[in-house]
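What follows is a single structure, written as structure tokens, with notes after it.
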Amino acid sequence: RDRCNIIKETLGDKVEKVVTSSRIVQSPACLVTGEYGWSAYMERIMKAQALRDNSMSSYMVSKKTLEINPRHPIVKELKKKADADKSDKTVKDLIWLLFETSLLTSGFTLDEPASFANRIHRMIKLGLSIDDDEDVVDEDLPPLESSATSIDEGSKMEEVD
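Sequential numbering of the sequence shown, starting at 852, is according to this note's numbering.
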């Protein structure tokens, strides 16, 4: 129950509820909709409607339930990390990644693909032990030429004309 509360707290209104599931075998989590709720395909169709307005968005989004597999190693390790420090940014990133990958595998679309990509990049950096503060420097590129040469080249071009 505690892990469900932590995940629900992190995701907020993105999911209606978070439950542990005994029917998931290989995946750490999946998203399901209610029996009378919209499927992922129906939600995509409704979002694509040309004449929709913003007031429709509240009932256009299906009520999603995140089912987590308590026996999966990812969920087990996530619980350990969350128990150690509930406010850890990495734990929150992992919860969001778990939710967003469940969105994709369940057929839904991401609301913010850029933030998903940023989270993936942060996790890759973490896996490669790269600090976030390190500046990205490409050592394969030659140094820039001085601006004086570019001015000379510009005048050469004028001479040709």
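Built from N, CA and C at the ideal position, the CB exists for glycine as well.
Does the separation of the CB atoms of Leu882 and Leu954 fall below 8 Å? yes
Short Cβ contact (8 Å threshold) for Thr861 with Lys940: no
Just mark Lys915 as buried or exposed, buried being the case when its beta carbon has 16 or more other beta carbons within 10 Å. buried
Distance, Cα to Cα, Leu945 vs Glu951? 10 Å
Where does Glu918 fall in DSSP's three states? strand
Under the three-state reduction of DSSP, which class applies to Val942: helix, strand or coil? Val942 falls in the helix class under three-state DSSP.
Tell me the DSSP bridge mates of Thr884? Answer is Lys915, bridged to Thr884.
Burial state of Pro964 (16 or more Cβ within 10 Å): exposed
Proximity to Ser872 [Cα-Cα], best of Gly888, His923, Tyr887: His923
Enclosing beta strand (DSSP E) for Thr861 [first to last residue]: Under the DSSP assignment, Thr861 falls outside any beta strand (DSSP E), being part of the alpha helix (DSSP H) whose first and last residues are 853–862.
Reduced DSSP category for Thr871 - H, G, I as helix; E, B as strand; rest coil: strand
Roughly how many angstroms separate the alpha carbons of Glu886 and Ala933, rounded to a whole number? 32 Å
Grab me the residues of Ser961's own chain with a C-beta within less than 8 Å of its C-beta, minus the 5 sequence neighbours each way, in chain order. Per the sequence shown, the amino acid found at residue 961 is Leu instead of Ser. So the qualifying residues of the chain are Glu951, Leu954, Leu955, Phe967.
In angstroms, rounded to a whole number, what distance separates the CA positions of Leu977 and Glu894? Whole-angstrom Cα-Cα distance: 34 Å.
Which word fits Ile919, buried or exposed, when buried means at least 16 other C-beta atoms lie within 10 angstroms of its C-beta? buried
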